[in-house]
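This report refers to the structure that appears directly beneath it.
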Amino acid sequence: MSAFLLFIIIYAFFRTKDLIFGVKIKEVNIVDGTKVTDNIMKITGNAKNAVNLTLNDRVISVDQKGNFDETIALLSGYNIISIKAQDEFGNNDEKNYKLMY
207 MSAFLLFIII
217 YAFFRTKDLI
227 FGVKIKEVNI
237 VDGTKVTDNI
247 MKITGNAKNA
257 VNLTLNDRVI
267 SVDQKGNFDE
277 TIALLSGYNI
287 ISIKAQDEFG
297 NNDEKNYKLM
307 Y
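For what it's worth, our numbering labels the leading residue of the sequence shown as 207, then goes sequentially.
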């Protein structure tokens, strides 16, 4: 009986872990506040548990592991890069980066 109860608890945890931990944007290859010399920038990172991901309000693709890879063009001067992620339960995470070109 106790093994069955343990199985139920473990199963329930794995079914709800995405709800418990939510969505998280991490491992983005941008350093906030830096000055860049090229106007074309490849942005990579991970948004674990994301079902909807936007880069500067434009939807971008994310693979099953949460990895994303997108190339953008920077304008001369001050640029703000905004990455927003949402999971299937409506939890959100947002990261904003400031760059100078």
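Glycine is no exception: its CB is placed at the ideal position from the N, C-alpha and C atoms.
Can you have a look at residue i and say buried or exposed, based on whether 16 or more other CB atoms are within 10 angstroms of its CB?
{"i": "N302", "result": "exposed"}
{"i": "Q270", "result": "exposed"}
{"i": "N235", "result": "exposed"}
{"i": "V257", "result": "exposed"}
Excluding the 5 residues preceding and the 5 following residue i in the sequence, name in chain order all residues of the same chain whose CB lies nearer than 8 angstroms to its CB.
{"i": "V242", "result": "L280, L305, M306 and Y307"}
{"i": "I266", "result": "L259, T260, F274 and E276"}
In the DSSP assignment, find the beta strand (DSSP E) that holds residue i and state where it starts and stops.
{"i": "V265", "result": "R264 to I266"}
{"i": "N253", "result": "For clarity, residue 253 is Ala in the given sequence; the question names Asn instead. That run of the beta strand (DSSP E) goes I246 to K254."}
With respect to 7 angstroms, is the separation between the Cβ of residue i and the closest non-hydrogen atom of the ligand FMN below this value?
{"i": "N235", "result": "Ligands are entirely absent from the displayed structure, and the ligand FMN is therefore not among its contents."}
How is residue i classed by DSSP in three states: helix, strand or coil?
{"i": "I278", "result": "strand"}
{"i": "I214", "result": "helix"}
{"i": "I231", "result": "strand"}
Can you list, in chain order, the residues of its chain with a C-beta nearer than 6 angstroms to that of residue i? Leave out the 5 residues immediately preceding and following it.
{"i": "K248", "result": "T277"}
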